[in-house]
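For reference, the structure discussed in these notes is given below.
Rendered as structure tokens:
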């Protein structure tokens, strides 16, 4: 048995050791709380920053197109209806419109030139020659930087 003068003989410590009680917990430090608060604030600042950057980049697009509908004219032709929105209709642009099959693979593509002039919002259709059965359409993207192989000076005639 333990001696009465030994350190383990104190009633509180001896009882905890003998019956498996939990040892006394140290008081939480203020440093850990500060670290959690700083990390949380930095995380919120990053989320707000990325969200603001995303919104600003999306508003800066001078020309956008959205898919309205798709119809299959025949087994080798797909018609895709799109709405094209331009911030400045005086600037020519172009959009890449695609046709897709059941596997969502691109089976046809057409570059649509949008000459300067016209309305800010234009609805048009694009006939696309396809190599498989078309089931859907899509807008790959739009730009005001027209590649050299496209002629922006011609009139729009059913998306040649």
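Residue numbers (the UniProt record's numbering): 1 to 160. Every residue gets a Cβ at the ideal spot worked out from N, C-alpha and C, and that includes glycine. The structure displayed is predicted, hence computed values, not measured ones.
Burial state of residue i (16 or more Cβ within 10 Å)
i           : result
residue 80  : buried
residue 134 : buried
residue 46  : exposed
residue 104 : exposed
residue 35  : exposed
residue 44  : exposed
residue 66  : exposed
residue 99  : buried
residue 53  : exposed
residue 110 : buried
residue 108 : buried
Cβ-Cβ distance between residue i and residue j below 8 Å
i           : j           : result
residue 197 : residue 84  : Past the edges of the chain, shown from 1 to 160, lies residue 197, and the structure says nothing about it.
residue 132 : residue 101 : yes
residue 148 : residue 93  : no
residue 126 : residue 113 : no
residue 89  : residue 117 : yes
residue 76  : residue 130 : yes
Contact belief for residue i with residue j at Cβ below 8 Å, rounded distance in angstroms
i           : j          : result
residue 120 : residue 72 : Wrong, their Cβ atoms sit about 30 Å apart, outside the cutoff.
residue 128 : residue 97 : 7 Å
Residues sharing a beta bridge with residue i, DSSP
i           : result
residue 98  : 109 and 138
residue 86  : 63
residue 128 : 78
residue 122 : 84
residue 93  : 114
residue 69  : 81
residue 143 : 94
Residue i CB to nearest heavy atom of the ligand HEM below 7 Å
i          : result
residue 47 : This structure lacks the ligand HEM; in fact it carries no ligand of any kind.
If you pair each beta-carbon of the region 136 to 143 with each one of the region 66 to 80, do three or more pairs fall below 8 Å? yes
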